[in-house]
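In the numbering used here, the protein residues as written are 274 to 451.
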């Protein structure tokens, strides 16, 4: 398995991994599968500021991806991110998610990011357990906040702190400048 920084040319593969999550689950609250063009724009925007990683198998097929994104659009939150991960449906339970998140954390640490957050649809025990095993803890629960497939869903927020918080953090470094 190989982890590398995502390239714009990966967008079609990432959309295909994301597709079943959109069409068949409430893991994402997106209703429509984004086009490759739209996904390309999202990736390009993310890569300016944050890491976007893919995991390839021995045949160089992308089997998963993870990225960080803006937690809130205010300067005071520069040291905090929201993390996201998606794995190909056949590649759960092999430790690939841990590989991706571990690599993501290395980059985020270099950027002086200290707080990682993950928004998880409540009841997604596998994702909650996965995040707990990696050191995340539940910090918030919002009731009936998302609506998809004819029903309301709760979400929980989980958080992980990378290292000790300094009294004065070093300036955030955009991923494109590492």
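Ideal Cβ positions, reconstructed from N, Cα and C, are used throughout, including at glycine.
Query	Result
Member of 321, 359 and 351 whose CA lies at the smallest distance from the CA of residue 399	359
Identity of the residues DSSP links to residue 431 by a beta bridge	391 and 411
Rounded straight-line distance, which links the Cα of residue 277 to that of residue 385	20 Å
Beta-carbon proximity check, residue 411 vs residue 392, cutoff 9 Å	no
Selection from 327, 330, 361 and 319 that minimises the alpha carbon distance to residue 355	319
Same chain, Cβ closer than 8 Å to residue 388, five either side skipped, listed in chain order	344, 352, 353, 354, 432, 433, 434 and 435
Neighbour-count burial assignment, residue 396, 16 or more Cβ in a 10 Å radius	exposed
The region 324-337 touching the region 361-372, judged by at least three CB pairs closer than 8 Å	yes
CB-CB length for residue 427 against residue 441, believed under 8 Å	That pair is no contact at about 37 Å.
C-beta contact flag for residue 322 and residue 447 at 9 Å	yes
Cβ of residue 320 within 9 Å of any chain D Cβ	Among the protein chains of the structure shown there is no chain D, as only one such chain exists.
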